[in-house]
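Accompanying notes for the structure given below.
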């Protein structure tokens, strides 16, 4: 049998499916996809998230735990789903444990290190997440004190599901100080890694001596010490030097490329005042359509590329706030409404609509390219298109159908003006 799993490259959630496929003897073909999902698959996959599995008859199974559960059940004689009714219930319990407790620390403890421009470190949240993760691992350790595997005395899909997650934890978050407190979890982990099917997929394990947070803190401390020493050295050198010559004549700062454009009859500051001081649909938007200059300004739609990794609405909102702060230097050329859609734990998305001076691509280094723009897919819009015009109005008004942008319910929004 040949199964097709659709995902972006190097998605560790696909590892679960690969291990299960080896156990049941199924051929698993990986199909790379670009996000967001489009075409026929968009209609068949709720929320458009990856990975999703395409079975031999073309049926779709979505969510990684459901996928590994489906594959594990293809060979009843392997008993990967559990032998008895009680074992099967225990399997589901541990599958829920992995998703509900073990993986939830990743947005706080992992993502800020791998995507620092997009996920900001919050020391309070970080400390709370570390404490929560240790509590979860200790509970797991207590269970494994007198159990070889999670749900049975044989490998089940519960063990298959947890191993890629534990590997990521042990390589990045749980250093020597944490792992020394969970000996039974480590024995379980090494037992599974000693099996050919796990080792073939998970490969070499590089246990971290210190967590990413500990390494970062040490680097920050060392950098501050070096800067302090450098300042002291510079101060000594300055004291030994003769009086400095008068400063050279200050050169005029070059103008921003957008300041060199021909004057536009559309005054961005006046639009921002209209938007801030009037009701949006009855007053502000009619003013916009009456005064907008299509030659001097352009509309753009943006959608976050990694919506499938968002879990909490407040974290998505923090991403938008951080983005706005980092593009403060080009605020006068921009007006934007960027919204959060969905609910925490059920699916979260970020997308928005912008008015930008000129026709410059938003990812250009002279605009937002040095900041977060690369993390978004961009599409140029036009008010001449009825669908685009309606979407612009919905984002400005923070209500409406948001047709073509998101199928999730509007949660909250932020405006850069």
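Residue numbers (the numbering used here): 150 to 566.
For each residue, glycine too, the CB sits at the ideal point set by N, CA and C.
Beta-bridge pairing of residue 97 - partner residues as DSSP gives them:
Absent from the model: residue 97. The displayed extent of the chain is 150 to 566, so no value can be given.
Checklist line | Buried or exposed (CB count within 10 angstroms, at least 16 for buried), residue 232 | finding: exposed
Q) What are the complete beta strand (DSSP E) segments, minimum 3 residues, inside the segment 392–470? A) 446–453
_Whether residue 462 touches residue 479 by CB criterion (7 Å)_ = No.
**Asked** What's the call for residue 438, buried or exposed, on a 16-neighbour Cβ count within 10 Å?
**Response** Classified as exposed, residue 438 has fewer than 16 neighbouring CB atoms from the shown chains inside 10 Å of its CB.
(request) State the DSSP-derived secondary structure class of residue 561, mapped to helix, strand or coil. (result) strand
Taking the alpha carbon of residue 413 as the reference point, which residue from 441, 313 and 533 has its own alpha carbon closest? Comparing Cα-Cα distances from residue 413 to each of 441, 313 and 533, the minimum goes to 441.
In the DSSP assignment, what residue or residues form a beta bridge with residue 504?
Partner(s): 448 and 484.
### Query
Roughly how far, in whole angstroms, is the beta-carbon of residue 291 from the beta-carbon of residue 240, given that I think they are within contact range, below 8 Å?
Between the beta-carbon of residue 291 and that of residue 240 there is about 19 Å, and that puts the pair past the 8 Å contact cut.
Quiz item: Which same chain residues, not among the five before or five after residue 453, have their C-beta less than 6 Å away from its C-beta?
Solution: 499 and 525
Short Cβ contact (7 Å threshold) for residue 179 with residue 154: Yes, the pair counts as a contact, with Cβ atoms nearer than the cut-off.
Residue 419: which of 451, 406, 244 and 483 sits nearest, CA to CA? 483
Only counting the same chain, and skipping five residues up and downstream in sequence, which positions put a Cβ closer than 7 Å to that of residue 538? 532
**Asked** In whole angstroms, what is the alpha-carbon distance linking residue 564 and residue 383?
**Response** 44 Å
### Query
Beta carbon of residue 300, beta carbon of residue 243: below 7 Å?
yes
* Starting from the C-beta of residue 570, find all residues in its chain whose C-beta is less than 7 Å away, skip the five residues before and the five after it, and write them out in chain order. => Residue numbering for the chain in the displayed model covers 150 to 566; residue 570 lies beyond these limits and cannot be assessed.
query: Roughly how many angstroms lie between the CA atoms of residue 506 and residue 449, to the nearest whole one?
result: 11 Å
- How far does the beta strand (DSSP E) with residue 155 in it reach, from first residue to last? 151–156
Query - Stretch-stretch touch, CB-based, cutoff 8 Å, three pairs: the segment 427–435 with the segment 538–548 - result: yes
For residue 337, which of helix, strand or coil comes out of DSSP?
-> helix
### Beta-carbon contacts of residue 198 that lie in its chain and below 6 Å, excluding the five residues immediately before and after
457
ask   = Per DSSP, residue 490 is paired with what?
value = 498 and 559
Taking the alpha-carbon positions, what's the residue 501 to residue 541 distance? 9 Å
Pairwise C-alpha distance: residue 424 and residue 443 | Distance between the alpha carbons of residue 443 and residue 424: 19 Å.
Exercise. Can you tell me whether residue 389 is buried or exposed, with buried defined as 16 or more other CB within 10 angstroms of its CB?
Worked result: exposed
#### Entry: residue 528 - containing beta strand (DSSP E), residue span
525–530
Quick one: what does DSSP say residue 210 is sitting in, helix, strand or coil? strand
| query | Cα separation between residue 405 and residue 474? | reply | Computed Cα separation, rounded: 19 Å.
### Query
Would you report the Cα separation of residue 466 and residue 157, rounded to the nearest angstrom?
24 Å
Q | Selected residue, minimal CA-CA separation from residue 447, among 252, 422, 407 and 459 | A | 407
query = Based on the DSSP output, what are the partners of residue 196 in its beta bridges?
reply = Paired residue(s): none; residue 196 is not in a bridge.
* Asked: Does the Cβ-Cβ distance between residue 497 and residue 469 come in under 7 Å?
  -> no
DSSP three-state label for residue 181, please. strand
Review point. Can you give, in chain order, each stretch of the alpha helix (DSSP H) that sits fully within the segment 299–352 and has at least 4 residues?
Key: 306–321, 325–328, 332–342 and 345–351
Notebook entry, point to check: Alpha carbon to alpha carbon, what distance is there between residue 472 and residue 415?
Noted result: 26 Å
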